[in-house]
Amino acid sequence: MIPQISVLLVCGYYGYPTYDENFVKKCKASGVSVIVDTTHTAFSPLPACPDSDYIAVSLRKWMGVASGGLAIKRKGTFGVKPIPINKEQFSLRDQALQSRETYEHTGNEDYNKEGNDVFWKAEFMLREIFDIQEGDEASLKTILHYPFRDAIRKRQENYHYLLEHLPERSDIRPVFPYLSDDICPMFFPFFVENRDALIKHLADRHIPPKVYWPVPPFVKVEDYPGAQYIYSHIMSVSCDERFNTDDMQKIVEAFENY
């Protein structure tokens, strides 16, 4: 299979480097160009894949900024420059962030729906633009002054608390039932047999559930049973630096009452 590969894109998920490092090494040794997307491992204090030729990362999911990302070429320089920001697309993304923040403070489902609708409108617009845009000054200021070490510590503490205190159930299982020092979690992900019921249960208790990545319309996911299971059963809850032990205990109690 490797001789048929010219470019390999790998990434981790939820803070964990989930790709096969040995396979990446074999591809690299065969002359394959390797791109590593470190978006989901951006805060994890571990080195980027040493066999990568290019490294990409978006910081939007970590900081709640409307723009912000990096592209790194290990050898040489890029031959392109960012284009001016698309103001309409940026405005939609900023609106989505504000709606989601309001939802997390109020628990009002109207804001949750509005935030999701606007977010995906902005996402699909971005995919149509399909170019390298400049960021905004407010997001850059947030990134430059972000308390990374405190954020990592708080995320790890919250994740550990959920691992230790969530009730053990056969129908709800953590995707990653461990957390090493070199991992900073993005969310607390788990598989659940009846996802819709748990989403409603958590939302009724003002705990925002997270479900990402709808199945693309061009993918016949039924041809890939493993991926189909993940798509239909995975979800997560927030454990980031905005929250403390009391917030995690609230999540624990919601699961105990489910």
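Sequential numbering from 1 applies to the sequence shown in UniProt numbering. For every residue, glycine included, the Cβ atom is placed at its ideal position computed from N, Cα and C.
{"Item": "Go ahead and label M1 buried or exposed: buried means 16 or more other beta carbons lie within 10 angstroms of its beta carbon, across all protein chains shown.", "Value": "exposed"}
{"Item": "For M186, report the span of its beta strand (DSSP E) as first-last.", "Value": "Neither: M186 is in no beta strand (DSSP E) and is coded neither H nor E."}
{"Item": "Could you give the distance in angstroms between the alpha-carbon of H201 and the alpha-carbon of R155?", "Value": "24 Å"}
{"Item": "Thinking C-alpha only, which one of P17, G69 and D181 is nearest K61?", "Value": "G69"}
{"Item": "Taking V118 and A96 to be in contact with their CB atoms under 8 Å, please state how far apart those CB atoms are, rounded to whole angstroms.", "Value": "4 Å"}
{"Item": "Specify the secondary structure class of K210 as computed by DSSP and reduced to three states.", "Value": "strand"}
{"Item": "Taking the alpha helix (DSSP H) that I129 belongs to, which residues open and close that run?", "Value": "E109 to I129"}
{"Item": "Curious, which full-length beta strand (DSSP E) runs of at least 3 residues does the stretch 49-79 contain?", "Value": "54-58 and 69-73"}
{"Item": "When the Cβ atoms of the stretch 9-16 are set against those of the stretch 172-192, are three or more pairs found closer than 8 Å?", "Value": "yes"}
{"Item": "Rounding to the nearest angstrom, what Cα-Cα distance links D171 and P214 in this structure?", "Value": "22 Å"}
{"Item": "How is the alpha helix (DSSP H) around S232 delimited, first residue to last?", "Value": "P225 to H233"}
{"Item": "By the three-class DSSP mapping on this structure, what secondary structure does R173 have?", "Value": "strand"}
{"Item": "Which of the three DSSP states, helix, strand or coil, is assigned to L8?", "Value": "strand"}
{"Item": "Among all the DSSP beta bridges, which residues are the ones paired with F191?", "Value": "R173 and I234"}
{"Item": "I'd like to check one pair, S67 with S139: are the Cβ atoms closer than 8 Å?", "Value": "yes"}
{"Item": "So which of N116, V34 and Y159 has the shortest CA-CA distance to D240?", "Value": "Y159"}
{"Item": "What does V36 pair with, by DSSP beta-bridge criteria?", "Value": "V10 and I55"}
{"Item": "What is the residue span of the alpha helix (DSSP H) that Y103 lies within?", "Value": "K87 to T106"}
{"Item": "At the level of alpha carbons, what is the spacing between I199 and L166?", "Value": "16 Å"}
{"Item": "Helix, strand or coil, according to DSSP, for I152 in the structure here?", "Value": "helix"}
{"Item": "Could you give the residue range of the alpha helix (DSSP H) that holds S44?", "Value": "Note, S44: premise wrong, no alpha helix (DSSP H); not H, not E."}
{"Item": "What is the DSSP secondary structure of Y19, counted as helix, strand or coil?", "Value": "coil"}
{"Item": "Measuring CB atoms only, is the stretch 129-144 touching the stretch 70-90, in the sense that at least three cross pairs come out at less than 8 Å?", "Value": "yes"}
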